[in-house]
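Novice: Chains as they are written, first to last, in our numbering: chain Y, 1 to 549; chain X, 550 to 901.
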C-alpha cells in the first residue's frame, strides 16, 4: 500500500520548539506522518529525536508549536492522553514485569471496554492477545513468563501493548539496538504487517542500512532542526549521512590489510598489519571459564590467539559472555579455570597490575565504570596513575602536574570541556569517551580491551575512537574489540569471532565474514565445515561494509 | 506540579544559600514547636543567643560541647565521603572512654606518658569498634547504618556492665561509677571552665589534616573515588575493602578521641553512658552533614551545633522548657538539611 501524501496526516508537528536550559532541543520542527507509512526519524545522539518522541507521547509539552492528530490540534498532556489519541510508544528497553506472564503484563493498567469486574484481568486479555498476535504475525504466547522471553519477543510484547489499546500510530524507539540481524528481519516483517493493517509507524534509528530497508520516508534531524525530508526510495547511505552529520562521511573499510596497501605504504615495522600471520602471539587464551556476577557460567572454555598489531572483533548478542571475557582479561572478574598469557608470560593479577603490564581497558559502561562523574576532568584523567610520579610522590599528589598534563591531553584529544576542573558528568558521552581514550592509550598499551567503544556516540566521536584504535594497532598494539555494531566490527577488525553462550566461535577473517553469517552464529547457528559462517563469501563484504558507494 | 531539573555542575554559592535557607526553615519549624510549648520563639532564640555567645561563660559552655562534636564530626566527614553511613559515633565515643578508663585506672604507665597512652588507646578502641561494622559491610554486606546503630547499644551496655561490675569504684559508696582517675590522667582545662583545650586543639588539627588528606594525598583520592563510584575504583585497581577499613579506623578513632576527652577532661571517671555523652555521636552527624563532607568546615559547624546544645541548657534554666526541646531542634535541622539536598542538586520549576 502506498501512502497517500495528499491526505490529512494522521500525526503532524507544526513548528514545534522545545527549549531546555542551555539548549534548544527542538527548533521549529515540522513533521508529518501519513496513514499506512513507515517514517524514519534519523539523527545523531543529541539531534533531538528523543524530544520529538517525548512531545508526541506526552512526556514533554512543546514551548511553541502545535501537535495535530488527523488534522485536529490536540494537547497531549501525558502518555495516557497520547494512547487515547491513538499514539503508542515501543520503548527502546522493554518495561515489563519479568516475573509475570505476558497476559498479566498487558492487563496491567489496561481497561477493556465493558469490563465488568476487576477480577482475572489477565484471562480477559489473553484471547485478544492471541487474536492480535495472529493477525500481525507477532507470535506471542500470552501465558509465557516475560523472564523467559528473548529481547525480540519482549519487544513484540511491547508492540502488542500498544495494539491492545487500539493505536493508529506506533513509535518505535531504536527498536533494533537489542536485536540480532535475524531478529531485526523478524521485526521488519511485523512492521510490514502493521503497515498493511493501515497503521502508521515512526522508526527511530541511526543505522542507515535499516532505514533504507524498511522505511518509506525519512525525516532527518540535526541539532534540533529538520535538515532533510525525503522519500527513502532514491536516498542513499551517503545522502542520508550527509543530511545527518552535515558533511561527507566515509563508509569504506577502515582497516587496511596487506593486499590493500601499496608497497610504498608498507610499514617497516615488524608489527605492521602486513605480516599479521607471522607476528608474534600477543595474547593467548586457553580454556577460560568464569562465572557471571550472578554466579552462572558465563565463559565456557574460551580459546583465542591474538597477534601483535591485530584487531580481533568479538560479535554477539549482549549477555553471551562478552562482558565477562573483557572483565576476566582486565582483572575485574575472577577466572575459574584456564590460562591467559600475555607475550608468553602469565597474565598479571589484579586490575592495577594488569593495567601497568600494558593492558588498556575501555570499559563497556563509560560513565559508571570508566569515570567518576562527580570528579574533575583532570582527576578522571589521573585515575590510573594518580599515585605515581609525576602526579604523586610519597603519597602526596602534585595537583599542578596533574592539571598541566590534563590540559595537554584535553588539547591533544580535542576534549571539549570548559576546563580541566569541570566535573566529567557535565561532558557529553563522546567527550567522556575521549577522556578514557587519552588515559588508557597514554602508556602505549600492548593490549587494548575495547568494549562497545562507540556505543551511543555521534558520528564525529565514533570516527575519532576508530582512528585512535587503528593507529594503536598500526604501532603494534593488539586490540580486542567487543561490539554489537557489525558494521563497526567489519570495518575495523582483521578477524572476527562470535560469542554465543559463553563460547567463542572463530575467529574468522573479517574480509570473508558477512553480516548474515555472523548473525547466524550470534543466534546459535552452526558454523559450516570450512569453519566459516554460512553464506560467507568475499563478495558479500561489499554489501556489509558499503564499499560500493 | 513541581519539576526537578538536575544541575550538572552545582556552583558553590548555591550550596551556601540553599543551606542557609534550610537553616532558616528549620528555625521556623522549630519556632512552631516553641509556640506549641507556649513560648514566644523569638524570645526563646534571643535567650539562647544571650546565654551562649554574649559572654565568656556562655562561650565556654559552647566550646565544651563543640570539642567532642568537632572530633567526631571531622571523622564523619570522611565516612560521608566514602558513602559509609556511620551512625555509630556514640558507641565509638564510649569505647574510647572505656579504653581511657582502663588505661588510667588499671595500667602501670608512667605518669608522663599517661595522657598519650589514653588517647592512643581511645583512638584504637573507637577505630576497632567502627572497623567491626566496616568488616561486616565489606565481607557480609551488612548494612552499616544498622550495624553501627546497633553497636551503640552494645557499647552502652558494655559501659554499664563495667561500672556496675568489675570496674565499680571502691571509694564511691554504692554509686555506679569507677574511682576517679589519678590527677596525671586528667586533662588540663581552660581556666576554671570544663573546656579541655587539648581536645579542642586535637580536633582543629585533625580538621586541617583531614582536609589536606582528602584533597592532596593519594589515600584521600582513593577514598573519594571509592565513595563516588565504587565500580570505577575497582576498575582503577583501588582496593575498596582496604579503603573502607582505613576510613573506619579514622572515623571511629576520632570518635574514640572524643570519648577520651570527655572522661579525662570533664568527669575524671567512667560513669553512666548517658552522662558521658549526651548524644554527641548523633549530633555530630549534623555537624558533618552541614559541612558537606569538608573536614575544615567542621570548624564552623561544630561550634554552631555547640551553640544549639548549650542554648538548650539555657532554655531549660531560664525559661523552664524541657531540655529535650534541643533534640527536637537538632532533629528538625537535620531533616531540613537532608531535604535541602534535592534543592542543591536540582533546579525547581513550578507549573506543568
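From the three backbone atoms N, C-alpha and C, an ideal C-beta is built for every residue, glycine too.
1. Provide the residue span of the beta strand (DSSP E) that contains residue 143/Y, from first to last.
2. Please classify residue 375/Y as buried or exposed, where buried requires at least 16 other C-beta atoms within 10 Å of its C-beta.
3. Does chain X have any CB closer than 8 Å to the CB of residue 342/Y?
4. Measuring only the C-alpha atoms, how far is residue 552/Y from residue 75/Y?
5. Whose C-beta lies closer than 7 Å to the C-beta of residue 787/X among residues of the same chain, with five residues either side of it excluded?
6. Write down every uninterrupted run of the beta strand (DSSP E) in the segment 137-207 of chain Y whose length is 3 residues or greater and which is fully enclosed by it, in chain order.
7. What residues in its chain sit with their C-beta under 8 Å from that of residue 857/X, if we drop five residues either side in the sequence?
8. For residue 816/X, count the other beta carbons within 10 Å of its own beta carbon; 16 or more makes it buried, fewer makes it exposed. Which is it?
9. Return helix, strand or coil for residue 360/Y, following the three-state DSSP convention.
10. Residue 751/X and residue 676/X - do their beta-carbons sit closer together than 8 Å?
11. In the DSSP assignment, the beta strand (DSSP E) including residue 899/X goes from what residue to what residue?
12. Ignore the nearest five residues each way along the sequence and tell me which others in residue 620/X's own chain have a CB closer than 6 Å to its CB.
13. Would you say the segment 287-298 of chain Y touches the segment 323-336 of chain Y, given that touching needs at least three Cβ pairs under 8 Å?
14. Beta carbon of residue 153/Y, beta carbon of residue 140/Y: below 8 Å?
15. Using the three-state DSSP reduction, which class does residue 318/Y fall into: helix, strand or coil?
16. Show which residues of chain Y have a CB atom less than 7 Å away from the CB atom of residue 729/X.
17. Residue 227/Y and residue 40/Y: beta carbons closer than 8 Å?
18. If you draw a straight line from the C-alpha of residue 729/X to the C-alpha of residue 710/X, how long is it?
19. Distance cutoff 8 Å, beta carbons only. Does residue 741/X sit that close to anything in chain Y?
20. How should residue 866/X be labelled, buried or exposed, when 16 other C-beta atoms within 10 angstroms of its C-beta is the threshold for buried?
21. Is it right to say residue 95/Y is buried, meaning 16 or more other beta carbons lie within 10 angstroms of its own, or is it exposed?
22. Residue 196/Y to residue 35/Y, Cα distance in whole Å?
23. Using a Cβ distance threshold of 8 Å, determine whether the segment 342-350 of chain Y contacts the segment 402-415 of chain Y, with at least three qualifying pairs required.
24. Can you tell me whether residue 713/X is buried or exposed? The criterion is at least 16 other CB atoms within 10 Å of its CB, across all chains shown.
25. So residue 320/Y and residue 502/Y are supposed to be a Cβ contact under 8 Å. How far apart are they, rounded?
26. Count the other CB atoms within 10 Å of the CB of residue 604/X; is the residue buried (16 or more) or exposed (fewer)?
27. Mind listing the chain X neighbours of residue 347/Y? Cutoff is C-beta to C-beta under 8 Å, in chain order.
28. Between which residues of its own chain and residue 272/Y is the CB-CB distance below 6 Å, once the five residues before and five after are set aside?
29. Anyone know if the C-beta pair for residue 311/Y and residue 33/Y falls short of 8 Å?
30. Name the residue from 896/X, 777/X, 886/X, 890/X whose alpha carbon lies nearest to the alpha carbon of residue 575/X.
31. Note down, in chain order, each residue of its chain lying with its Cβ closer than 6 Å to the Cβ of residue 270/Y, except the 5 sequence neighbours on either side.
32. Would you say residue 273/Y lies against chain X (beta-carbon separation less than 8 Å)?
33. So what's residue 324/Y in DSSP terms, helix, strand or just coil?
34. Inspect the CB distances between the segment 322-329 of chain Y and the segment 480-493 of chain Y and report whether three or more fall short of 8 Å.
35. Starting from residue 282/Y, trace the beta strand (DSSP E) in both directions and tell me its first and last residue.
36. Within this structure, are the beta carbons of residue 180/Y and residue 497/Y separated by less than 8 Å?
Specialist: By the coordinates alone:
1. In the first chain, counting from the first residue as 1, residue 143/Y sits at position 143. Where residue 143/Y is concerned, there is no enclosing beta strand (DSSP E), given that its DSSP letter is neither H nor E.
2. The residue labelled residue 375/Y in the question sits at position 375 within the first chain. Buried: at least 16 other Cβ atoms inside 10 Å.
3. Position 342 of the first chain holds residue 342/Y. Not closer than 8 Å to any Cβ of chain X, the Cβ of residue 342/Y fails to qualify, so no.
4. Lying before the first or after the last residue shown, residue 552/Y is absent from chain Y, which here runs from 1 to 549.
5. Mapped onto the second chain, residue 787/X falls at position 238. Same-chain partners within the cutoff: 771, 774, 775.
6. 169-173, 200-205
7. Residue mapping note: residue 857/X aligns to position 308 of the second chain, counting from 1. Closer than 8 Å at the Cβ level, and outside the excluded window around residue 857/X, lie 597, 875, 878, 879, 882.
8. Start at 1 with the first residue of the second chain, and residue 816/X comes out as number 267. Answer is buried; the Cβ neighbour count reaches 16.
9. The residue you call residue 360/Y lines up with position 360 of the first chain. Reduced to three states, the DSSP call for residue 360/Y is strand.
10. The residue you call residue 676/X lines up with position 127 of the second chain. The residue you call residue 751/X lines up with position 202 of the second chain. Contact flag unset, no.
11. Translated into positions along the second chain, residue 899/X becomes position 350. 895-899 is the extent of the beta strand (DSSP E) around residue 899/X.
12. For the purposes of this step, residue 620/X is taken as the residue at position 71 of the second chain. Cβ within range, chain order: 752, 803, 806, 807.
13. yes
14. Position 153 of the first chain holds residue 153/Y. Position 140 of the first chain holds residue 140/Y. Yes, they are a contact pair.
15. Here the question's residue 318/Y lines up with position 318 in the first chain. In this structure, residue 318/Y counts as coil in the three-state DSSP scheme.
16. As a first step, residue 729/X is located in the second chain; it is residue number 180 there, counting from the start. Within 7 Å Cβ-Cβ: nothing; residue 729/X doesn't reach chain Y, min ~43 Å.
17. Taking the first residue of the first chain as 1, we reach residue 227/Y at position 227. Taking the first residue of the first chain as 1, we reach residue 40/Y at position 40. No; because the gap between Cβ atoms is not below 8 Å, this pair is not in contact.
18. Here residue 729/X corresponds to residue number 180 of the second chain, with the count starting at 1. Here residue 710/X corresponds to residue number 161 of the second chain, with the count starting at 1. Distance between the alpha carbons of residue 729/X and residue 710/X is about 18 Å.
19. To locate residue 741/X, count along the second chain from 1; it is residue 192. It does not; no Cβ of chain Y falls within 8 Å.
20. Within the second chain, the letter at position 317 stands for residue 866/X. So residue 866/X ends up on the exposed side.
21. Here residue 95/Y refers to the residue found at position 95 when the first chain is read from its first residue. When all chains shown are included, residue 95/Y counts as exposed.
22. Locating residue 196/Y in the first chain gives position 196, where the first residue counts as 1. Locating residue 35/Y in the first chain gives position 35, where the first residue counts as 1. Straight-line Cα distance between these residues: approximately 10 Å.
23. no
24. For the purposes of this step, residue 713/X is identified with residue 164 of the second chain, where counting begins at 1. Exposed: under 16 other Cβ atoms inside 10 Å.
25. As a working note, residue 320/Y is residue 320 in the first chain. As a working note, residue 502/Y is residue 502 in the first chain. Right, their Cβ atoms sit about 7 Å apart.
26. Numbered from 1 along the second chain, position 55 holds the residue referred to as residue 604/X. Exposed, since its Cβ has fewer than 16 Cβ neighbours within 10 Å.
27. Residue mapping note: residue 347/Y aligns to position 347 of the first chain, counting from 1. The premise fails here: residue 347/Y is roughly 14 Å from chain X at the closest Cβ pair, so nothing lies under 8 Å.
28. Here residue 272/Y refers to the residue found at position 272 of the first chain. Because residue 272/Y carries a pLDDT of 41, less than 50, the predicted location of this residue cannot be relied on, and the following value inherits that uncertainty. Correct list: empty, nothing qualifies.
29. Residue mapping note: residue 311/Y aligns to position 311 of the first chain, counting from 1. Residue mapping note: residue 33/Y aligns to position 33 of the first chain, counting from 1. Not closer than 8 Å, so no.
30. Position 26 of the second chain, counted from the start, is the residue given in the question as residue 575/X. Nearest of 896/X, 777/X, 886/X, 890/X to residue 575/X, Cα basis: 886/X.
31. In the first chain, counting from the first residue as 1, residue 270/Y sits at position 270. At residue 270/Y the pLDDT is 36, less than 50, meaning the model places this residue with poor confidence; the figure from the coordinates comes in the next sentence. Answer for residue 270/Y: no residue qualifies.
32. The sequence position of residue 273/Y within the first chain is 273, counting from 1. Caution applies to residue 273/Y, whose pLDDT of 46 falls short of 50 and renders its modelled position unreliable; the value that the coordinates give is listed next. Cβ-Cβ to chain X under 8 Å: no for residue 273/Y.
33. Walking along the first chain from the start, residue 324/Y turns up at place 324. Looking at residue 324/Y - three-state DSSP - the assignment turns out to be helix.
34. yes
35. If you number the first chain from 1, residue 282/Y lands on position 282. Per DSSP, residue 282/Y belongs to the beta strand (DSSP E) from 281-291.
36. As a first step, residue 180/Y must be located in the first chain, where it is residue number 180. As a first step, residue 497/Y must be located in the first chain, where it is residue number 497. Contact: no.
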